[in-house]
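*Asks:* If you're matching them up, the sequences are chains B, H and Z in order. Just remember that my numbering sits 38 ahead of the position in the first sequence, which is counted from 1. Just remember that my numbering sits 11 ahead of the position in the second sequence, which is counted from 1. Just remember that my numbering sits 137 ahead of the position in the third sequence, which is counted from 1. Where a beta carbon is used, it is the ideal one built from N, C-alpha and C, also for glycine. Before I ask anything, let me first share the structure, which is written out below as structure tokens.
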Amino acid sequence: MAYPYRHDREVRVMSEAFGDPAARTLEGWKARGGYQGIARALEIGRAATVDEVKASGLRGRGGAGFPTGVKWSFMPREQNPGRPHYLLCNADESEPGTFKDREIIRWTPHQLVEGCLIGAYAIGAAHCYIYLRGEFFEATGVLAQALEEAYAAGLAGPDVLGSGVQIDLTLHVGAGAYICGEETGLMNSLEGRRGEPRIKPPFPAAAGAFGMPTTINNVETLAAVPGILRHGGEWYRQWGTEKSPGTKLFCVSGHVSRPGNYELPLGFPMMDLIEDVCGGIPGGKALKAVIPGGSSVPIMSADECESCELCYEGVAAAGSMLGCASVIVMDETADIVKQVRRMADFYAHESCGQCTPCREGTAWASRILRRIEEGRGKPDDLDTLLQISDQMTGTTICVLSDSLAAPIVSAIEKFRDEFLALIRRGERVGAA
Amino acid sequence: MPDNGRSPAGAATVTLTIDDREVTVPKGTSLLEAAALQGTALPHYCYHPGLSAPAQCRICLVEVEGAPKLQPSCVTMAQDGQVVKTDSPEALKMRKGVLEFYLVNHPLDCPICDMSGECKLQDYVFAEGREHGRGREPKRVFGRDDFGGDVLYYGDRCVMCTRCVRFMDEVARDSRLTVVERGSRAVIDTFFDEGLEGASFAGNVVDICPVGALVSKDFLHKARAWDLDSTPSVCPGCSQGCNIELHTRDNLVQRLKPRENAEVNGHWMCDFGRANYEGLNRGGRLEAPAAGRGAKRRPAGWDEALGQLFARLQAAAGADVKIVGSAEWSCEGLAALAAVGAETGEVSARVFRSRCAADEDRLPGFPALARRRDLAPNVDGARTLGFSRVGGEDAAGGLEEVAAHDGVLFVLGDDLADQEAAFGEAASLFVYMGAHGSEAAANADFVLPVTTFAEQEGTFVNVQQRVQRFWPGLRAPGEARPAWLVLGALLAALRGGEAAPASAAAAFSWLAGERAAFAGLSYEGLGAEGAPLAAPAGGNGAA
Amino acid sequence: MSEAPFRNPGWAGNTGEFDLAEADVRGVVASDGPPADGGHPSVAPSLPYMLAAKDPAAPLFEGPHLERFEKIKSRYPTARAALLPALNLAQELRGFLSPETMDEVAALLGLSNAYVRGVATFYTMYNKRPVGRFLVQVCTNISCNLRGAEDVLAAFLAHAGTELGETSEDGTFTVVEAECLAACGFPTCVQINSRYFEDVGPADVPGIVDRLQGELQSGAAV
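Have a look at this one:
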């Protein structure tokens with residue numbers, strides 16, 4: 039994040055002001071070039087704004103990596119009477135290992151406000167709800183101050199920058215549910231319901247929040263937009279790869295000397311991130327495994343990390359997913375079985391409970407893993423785990439249960455010996 | 012409300028292939044419904060034709076060619092040219108997997124579960140489940156929760172299909188049920204101790220529960236599902252005429268269940284009607300015909316009694332006739348009674364008495380259905396056949412003139428509970444036909460045991476002026492016979508040897524010929540769901 | 138506030154590359170306490186609701202809080218959408234959501250009380266029973282777990298003098314295990330009421346507990 043550590047190899051497009059309290063104020067942000075993006079958007083018009091973001095190749099930073107400009111173009115061109123459009127900003131950051139959105143919000147709140155204004159303008163929305171994770175009281179307070187300033191300065195409200203365009207922003211805070219980070223779960227939660235994901239179709243662009251055409255973008259996605267509008271889509275493409283243009287915040291946690299967020303061009307080598315940017319593994323220990331994209335993606339073994347490039351296609355080629363670029367590093371002391379069990383506990387705790395495979399599967403997997411961890415496993419438990427992982431992949435409304443299946447399956451495939459060692463030790467103790 | 016795939020005639024259709032067979036269905040039909048039309052029953056829990064479909068149980072997954080993953084058939088709409096496989100290896104594997112997940116925590120307490128034998132978890136696991144369980148973990152325990160009213164909740168058995176929550180939200184429009192907590196800790200509950208008390212349609216949540224999670228306190232541990240016989244019938248509770256099934260065992264009605272009729276009651280019925288079956292089991296029945304007033308009364312065989320009665324009616328020709336009918340007796344019986352009266356002499360009164368409630372109790376999400384003010388099933392039939400309502404809302408009084416009548420007096424189905432023993436003392440001829448005896452029948456010259464609607468075939472007319480059939484679910488006691496059979500024989504004799512109807516069908520076709528309101532209707536044509544009267548008498552439909 | 142500059146834990150501001158005061162890192166809003174009337178309507182639904190001041194008998198809603206409630210409702214096309222912000226406000230005032238509170242909020246928004254219970258129990262931040270003046274939530278999810286979060290949790294239980302999920306006898310601390318708090322780069326992350334304490338190791342726990350006790354005595358607790 040350029041905070042609390044910096045590194046020479048960073049490209050700080052959106053994170054330069056992290057750690058700089060002066061950038062939080064409207065005045066401070068304007069001095070750093072703020073609100074030029076929305077001014078240009080209003081000048082070039084809605085269609086050209088969408089085109090500019092399309093040209094940048096910006097891909098959604100919430101994990102799925104869908105091209106943002108293309109997503110915006112799914113919205114109806116004109117607003118139908120009685121069918122207002124909504125922009126939702128997903129600030130419900132809760133994927134274990136991910137901690138970038140909170141930094142954007144608390145250090146550069148105006149960057150997000152401006153991104154929301156541009157996004158809302160681009161999709162023809164007069165109202166943008168920023169759905170913030172309930173726990174983010176402090177960051178939300180910073181954002182609230184920025185919003186008060188933006189309203190007072192006429193940047194938000196009935197007449198944005200004197201253009202006659204109305205864009206209202208509202209901060210809405212959650213109340214503790216991982217699943218509200220799923221876009222349709224978030225919509226239900228915003229509407230005052232249990233945050234249970236909805237069946238698609240209908241897709242949000244047709245019927246989203248309050249049944250109206252809706253686009254939902256992640257905080258980091260929207261925060262990248264002001265720069266793109268200000269400098270142009272081509273400018274953004276100078277970084278990154280053909281398929282993954284631009285820069286991205288990499289959240290590095292676990293066993294590294296300098297954990298934190300680093301803004302790097304997509305395609306950055308994973309081992310350079312760990313060993314160079316993050317100062318390597320403390321105590322000279324060996325790398326054991328990396329989870330490259332937040333807890334829901336397959337675990338990578340140290341070998342797989344060797345030549346992995348951190349872009350959407352690069353991590354996919356290495357057998358995992360970039361997700362939201364939440365790199366969790368585990369050294370040789372990490373207990374894989376315990377950590378997979380902890381993830382299973384998490385998904386079981388956070389399952390909304392609608393779909394049977396998820397409601398029952400996550401809880402069952404967590405109990406089997408707990409039993410193995412405690413030395414009471416049986417050899418066929420691993421087959422059972424693999425099969426129930428299969429049974430909870432692709433069978434539910436959202437992908438929460440798939441998100442547990444991925445780490446379980448990859449951990450058993452790549453670290454089978456650790457599971458078997460616990461099972462065998464348990465059997466020996468039991469026999470004695 | 013989903014429309015059950017029904018579309019107006021001429022609406023667009025789509026043709027698709029399900030399991031290698033082509034099927035054409037109306038546009039807007041789900042794959043689950045299309046498969047059902049084609050004869051393939053796909054398993055499902057959360058889907059219910061009377062409710063919205065959340066597609067959350069994931070047991071109706073099918074393979075759709077071109078789709079990247081299995082699709083929930085309950086919300087995937089049939090499209091032209093679609094190729095669907097309900098039994099592909101992938102679909103079967105995933106459904107087997109979903110069933111295994113259910114059994115991770117579902118208790119195997121089938122021996123003491125009321126739902127056993129009609130439980131969809133039993134059925135589906137039997138059909139498609141794994142042969143051996145793999146669960147080693149102890150099962151989750153929630154225990155039992157009294158929801159108030161007649162409803163008991165066994166959380167451990169719950170499959171979280173949320174049908175009950177959606178019924179209360181969408182149909183009863185009384186959101187008293189909710190999912191509490193989330194994930195595998197979730198259960199169905201009310202607002203703490205508030206319960207379902209006073210929710211007058213809550214019993215439906217027991218019917219739609221696919222497993223034994225919601226059970227009826229009244230029916231608890233009363234009978235095994237496989238010991239029950241089921242007979243299509245019409246609820247006798249009010250003039251709505253909800254289509255029901257009588258569930259009987261040992262010649263007693265054990266419970267009533269709603270039977271689907273899109274025009275009348277959808278899938279539902281009210282708790283008042285549901286609780287009213289006890290009357291059908293009431294003992295102390297008249298079992299044999301008897302003749303003679305007061306102390307002179309002697310048992311008589313049917314031939315003897317009817318022979319004597321025929322002679323008395325012939326002798327009374329031209330007399331002033333008063334008739335007391337009942338809105339709980341069939342149209343055929345009431346029509347035959349009216350006709351016998353008319354053949355005998357001048358009919359100066361044709362009346363019935365029935366209880367009335369202070370107001371209606373409508374089901375907001377299915378507004379055609381209400382517990383009506385008239386608390387008898389054939390009020391509209393009786394009116395159509397020329398009977399007028401007398402007496403109070405408690406079905407008492409109003410018979411002063413009848414009681415003192417000095418001509419011919421017929422009573423059918425009204426047990427005269429509020430009347431004095433002197434009732435009919437002055438009558439020249441007093442015929443009492445009923446299911447139960449009466450102290451006010453002491454002066455009757457003939458006491459004839461007739462069957463209740465639950466023991467015979469016949470029709471009622473409901474508040475929508477809809478003629479609906481019912482079937483016998485109980486054996487008649489002793490020598491009791493349907494009123495139409497008894498009166499039909501008398502009528503035939505009075506009319507000089509006309510053929511008496513020998514079946515309910517014949518009685519109905521006689522009625523259709525006799526009464527203009529019933530003209531054009533055929534007994535077969537009424538089927539299980541009934542049909543509107545040819546000429547609506549009251550003109551007030553379902554409102 | 139304690140006198141000496143507060144070292145990590147608390148925020149990750151002194152890594153050698155930044156020199157920031159605590160208020161710089163946290164932003165000042167939370168420590169000032171939320172404006173009762175909610176401020177600008179656009180931010181009225183977002184104010185902190187995990188606060189030390191807890192009055193189970195506080196009215197729903199009166200004066201500036203009623204004003205805030207009206208502002209909240211004005212930001213949504215449906216009354217239902219105001220449910221979470223209304224529950225937040227109710228919890229801010231009363232400290233937890235009792236059945237009576239759920240019932241009152243349901244009536245204010247024209248929703249069934251069972252529905253409100255269903256929603257309230259879906260979300261973990263709603264306290265369904267009273268909690269201590271400080272609700273200590275220790276993340277034990279993967280990133281913190283790898284760096285010893287379970288020891289931090291044990292330290293809090295020991296120093297706060299309570300069992301997991303329970304409240305200390307003096308009513309000051311409730312300690313629970315939390316899922317990922319999105320501060321994985323600064324393990325272990327602990328949320329205490331509305332504040333994040335980051336980079337917490339077991340050795341830091343006594344200092345944090347002392348600080349909170351001090352805040353309580355000086356009336357500065359948030």
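1) May I ask you to report which of helix, strand or coil DSSP gives L64 (chain B)?
2) Secondary structure at I435 (chain B), three-state DSSP: helix, strand or coil?
3) For chain Z, find out if any of its Cβ atoms is closer than 9 angstroms to the Cβ of K452 (chain B); answer yes or no.
4) Using the beta-carbon of each residue, which ones in chain H are nearer than 7 angstroms to C393 (chain B)?
5) Can you tell me whether Q82 (chain H) is helix, strand or coil according to DSSP?
6) Just to confirm before moving on: does the CB-CB distance between A315 (chain Z) and C276 (chain Z) stay below 9 angstroms?
7) Can you check whether the CB of A243 (chain B) is closer than 9 angstroms to the CB of I205 (chain B)?
8) Any C-beta of chain Z within less than 8 angstroms: which residues of the region 141–157 of chain H qualify?
9) Does S211 (chain H) have its Cβ less than 9 angstroms from a Cβ in chain Z?
10) For S295 (chain B), does the count of other Cβ atoms within 10 angstroms reach 16, so buried, or fall short, so exposed?
11) Provide the residue span of the beta strand (DSSP E) that contains P343 (chain Z), from first to last.
12) In the region 285–359 of chain B, which residue ranges form an unbroken alpha helix (DSSP H) of at least 4 residues, counting only runs that do not cross its ends?
13) Of all Cβ atoms in chain H, is any one closer than 9 angstroms to the Cβ of T215 (chain Z)?
14) Would you mind listing the beta strand (DSSP E) stretches within the region 291–332 of chain H that are 3+ residues and don't spill past its ends, in chain order?
15) Beta-carbon of F233 (chain Z) versus every beta-carbon of chain B: anything under 9 angstroms?
16) List the residues that DSSP assigns as beta-bridge partners of H123 (chain B).
17) If you draw a straight line from the alpha carbon of V222 (chain H) to that of F137 (chain H), how long is it in whole angstroms?
18) Would you call the region 359–367 of chain B and the region 123–135 of chain B touching, i.e. three or more CB-CB distances under 8 angstroms?
19) I believe L42 (chain H) touches A78 (chain H) by the beta-carbon criterion, under 8 angstroms. Please report the beta-carbon distance rounded to the nearest angstrom.
20) Alpha carbon to alpha carbon, how far is F230 (chain H) from Q476 (chain H)?
21) Tell me the rounded alpha-carbon separation between R177 (chain H) and C169 (chain H).
22) If you compare alpha carbons, which of B:G318, B:R70, B:M52 is closest to A60 (chain B)?
23) Express the C-alpha separation of D89 (chain B) and I156 (chain B) in angstroms, rounding to a whole number.
24) Is there contact between the region 406–415 of chain B and the region 350–360 of chain B, where contact requires at least three CB pairs shorter than 8 angstroms?
25) Starting from R405 (chain B), trace the beta strand (DSSP E) in both directions and tell me its first and last residue.
26) What does the alpha-carbon distance come out to for the pair Y113 (chain H) and S63 (chain H)?
27) Which class does A548 (chain H) belong to by DSSP, given the choice of helix, strand or coil?
28) List the residues of chain B whose Cβ lies closer than 8 angstroms to the Cβ of K80 (chain H), in chain order.
29) Which residues in chain B have a C-beta closer than 8 angstroms to the C-beta of L72 (chain H)? List them in chain order.
30) State whether the region 151–165 of chain H contacts the region 194–213 of chain H, with contact taken as three or more CB pairs (one from each stretch) at a distance under 8 angstroms.
31) Between the region 95–102 of chain B and the region 178–198 of chain B, are three or more C-beta pairs nearer than 8 angstroms?
32) Per the contact definition of three or more C-beta pairs closer than 8 angstroms, is the region 237–256 of chain H in contact with the region 179–188 of chain H?
33) How far does the alpha helix (DSSP H) with F137 (chain H) in it extend, from its first residue to its last?
34) Report, in whole angstroms, the separation of the C-beta atoms of R270 (chain Z) and G302 (chain Z), which I expect to be a contact under 8 angstroms.
35) Just verifying my parser: in three-state terms, what is the DSSP assignment at R212 (chain Z)?
36) Taking a Cβ distance cut-off of 9 angstroms, strictly less, list which residues of the region 234–251 of chain Z are near chain H, in chain order.
*Replies:* Answer, in terms of the structure:
1) Residue numbering aside, residue 64 (chain B) sits at position 26 when the first sequence is read from its first letter. Looking at L64 (chain B) - three-state DSSP - the assignment turns out to be helix.
2) The sequence position of residue 435 (chain B) within the first sequence is 397, counting from 1. Coil.
3) Position 414 of the first sequence, counted from the start, is the residue given in the question as residue 452 (chain B). Not an interface residue.
4) Within the first sequence, numbered from 1, the residue matching residue 393 (chain B) stands at position 355. Going along chain H in sequence order, the residues near C393 (chain B) (Cβ under 7 angstroms) are Q67, R69.
5) Along the second sequence, read from residue 1 onward, the residue named residue 82 (chain H) stands at position 71. It is a strand residue.
6) Locating residue 315 (chain Z) in the third sequence gives position 178, where the first residue counts as 1. Locating residue 276 (chain Z) in the third sequence gives position 139, where the first residue counts as 1. Yes, Cβ-Cβ distance for A315 (chain Z) and C276 (chain Z) is below 9 angstroms.
7) Position 167 of the first sequence, counted from the first residue, corresponds to residue 205 (chain B). Position 205 of the first sequence, counted from the first residue, corresponds to residue 243 (chain B). Not closer than 9 angstroms, so no.
8) none
9) Numbered from 1 along the second sequence, position 200 holds the residue referred to as residue 211 (chain H). Closer than 9 angstroms: no.
10) As a position in the first sequence, residue 295 (chain B) is number 257, starting the count at 1. Counting Cβ neighbours within 10 Å, S295 (chain B) comes out exposed, since fewer than 16 surround it.
11) For this step, residue 343 (chain Z) is matched to residue 206 along the third sequence. Element bounds for P343 (chain Z): not the beta strand (DSSP E) but the alpha helix (DSSP H), 342–355.
12) As summarised for the region 285–359 of chain B, the continuous alpha helix (DSSP H) elements at least 4 residues long and confined to that stretch are 340–343, 350–355, given in chain order.
13) One-based indexing of the third sequence puts residue 215 (chain Z) at position 78. For T215 (chain Z), no Cβ of chain H is located within less than 9 angstroms of the residue's own Cβ.
14) none
15) The count along the third sequence starts at 1 and reaches residue 233 (chain Z) at position 96. Judged by the 9 angstroms Cβ criterion, F233 (chain Z) is not in contact with chain B.
16) Position 85 of the first sequence holds residue 123 (chain B). B:A163.
17) Walking along the second sequence from the start, residue 222 (chain H) turns up at place 211. Walking along the second sequence from the start, residue 137 (chain H) turns up at place 126. Taking the Cα positions, V222 (chain H) is about 14 angstroms away from F137 (chain H).
18) yes
19) Position 31 of the second sequence holds residue 42 (chain H). Position 67 of the second sequence holds residue 78 (chain H). That pair is no contact at about 11 angstroms.
20) The count along the second sequence starts at 1 and reaches residue 230 (chain H) at position 219. The count along the second sequence starts at 1 and reaches residue 476 (chain H) at position 465. Each residue's alpha carbon lies about 33 angstroms from the other.
21) Taking the second sequence and counting its residues from 1, one reaches residue 177 (chain H) at position 166. Taking the second sequence and counting its residues from 1, one reaches residue 169 (chain H) at position 158. Approximately 15 angstroms between the Cα atoms of the pair.
22) As a first step, residue 60 (chain B) must be located in the first sequence, where it is residue number 22. Minimum Cα distance to A60 (chain B) is reached at B:R70.
23) In the first sequence, residue 156 (chain B) corresponds to position 118, counting from 1. In the first sequence, residue 89 (chain B) corresponds to position 51, counting from 1. The straight-line gap from Cα to Cα measures roughly 13 angstroms.
24) no
25) For the purposes of this step, residue 405 (chain B) is identified with residue 367 of the first sequence, where counting begins at 1. Careful: R405 (chain B) lies outside any beta strand (DSSP E), inside the alpha helix (DSSP H) at 394–411.
26) Translated into the one-based positions of the second sequence, residue 113 (chain H) becomes position 102. Translated into the one-based positions of the second sequence, residue 63 (chain H) becomes position 52. Between Y113 (chain H) and S63 (chain H), the C-alpha separation is close to 22 angstroms.
27) Taking the second sequence and counting its residues from 1, one reaches residue 548 (chain H) at position 537. Unreliable positioning characterises A548 (chain H) in this predicted model, as indicated by a pLDDT of 46, which lies under 50. The coordinate reading is nonetheless provided below. A548 (chain H): coil per DSSP, three-state reduction.
28) The residue you call residue 80 (chain H) lines up with position 69 of the second sequence. By Cβ distance, chain B contributes G432, T433.
29) For the purposes of this step, residue 72 (chain H) is taken as the residue at position 61 of the second sequence. Per Cβ cutoff of 8 angstroms: T433.
30) yes
31) no
32) no
33) As a working mapping, residue 137 (chain H) is identified with position 126 in the second sequence. First-last of the alpha helix (DSSP H) with F137 (chain H): 131–139.
34) As a position in the third sequence, residue 270 (chain Z) is number 133, starting the count at 1. As a position in the third sequence, residue 302 (chain Z) is number 165, starting the count at 1. In fact, because the Cβ distance is near 16 angstroms, the residues do not count as touching under 8 angstroms.
35) Start at 1 with the first residue of the third sequence, and residue 212 (chain Z) comes out as number 75. Three-state DSSP puts R212 (chain Z) in coil, outside helix and strand.
36) P236, M239, D240, A243, L248, S249, N250, A251
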